[in-house]
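Trainee: In the working numbering, the protein residues as written are -4 to 112.
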Amino acid sequence: MKINKDTNFLELIPKRKVGIEKTEDNKVKLLIPRFKNKLAQKYLIPKFQSKHIEAKLDEYGSTCITLSNGERNIYEIAKIMKEQFGEKIEPVYERVSKYFGMMHSKGFVELIEKEEN
-4 MKINKDTNFL
6 ELIPKRKVGI
16 EKTEDNKVKL
26 LIPRFKNKLA
36 QKYLIPKFQS
46 KHIEAKLDEY
56 GSTCITLSNG
66 ERNIYEIAKI
76 MKEQFGEKIE
86 PVYERVSKYF
96 GMMHSKGFVE
106 LIEKEEN
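(1) Name the residue from 6, 77, 74, 52 whose alpha carbon lies nearest to the alpha carbon of residue 15.
(2) To which residues does DSSP link residue 29 through a beta bridge?
(3) Between residue 92 and residue 50, what straight-line distance do the alpha-carbon atoms span, to the nearest angstrom?
(4) Report the rounded CA-to-CA distance for residue 105 versus residue 78, giving the unit in angstroms.
(5) Helix, strand or coil: how does DSSP classify residue 24 here?
(6) Could you check if residue 6 belongs to the surroundings of the ligand GDP, using beta carbon to heavy atom distance under 6 Å?
(7) Comparing C-alpha positions only, which one of 9, 2, 3 sits nearest to residue 136?
(8) State the DSSP-derived secondary structure class of residue 12, mapped to helix, strand or coil.
So this is what it looks like as structure tokens:
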């Protein structure tokens, strides 16, 4: 989705486009497909190799990606992170916005505009 310049970034709703897996230390790994095409996955990936590339996230990234389920907007996620991490994550709104902008540009999350009724 192309983001409109008039859109307030904090009002966008992030939704994961890749799988996640929790690790023992309560962090998250992103499961990024090696190939999007099913035929390429079947014939180009060696038999005993994973179909996914694993990207380990730190505690902030793990919390952000876990909360991005398509229900909360970026402002709400940043508020939860501020409550959870306190002063360590300041400036929280800028950091979380930049994080989701990067994840969107890489194709790991989709940013959805809330529909007005």
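Glycine residues also receive a C-beta, built at the ideal position from the N, C-alpha and C atoms.
Mentor: Looking at the coordinates:
(1) 52
(2) In the DSSP output, where bridge partners are listed per residue, residue 29 has none listed.
(3) 20 Å
(4) 25 Å
(5) strand
(6) For the ligand GDP, the structure offers nothing, since it holds no ligand at all.
(7) Because residue 136 is not part of the residues shown, which for the chain are -4 to 112, the question remains open.
(8) coil
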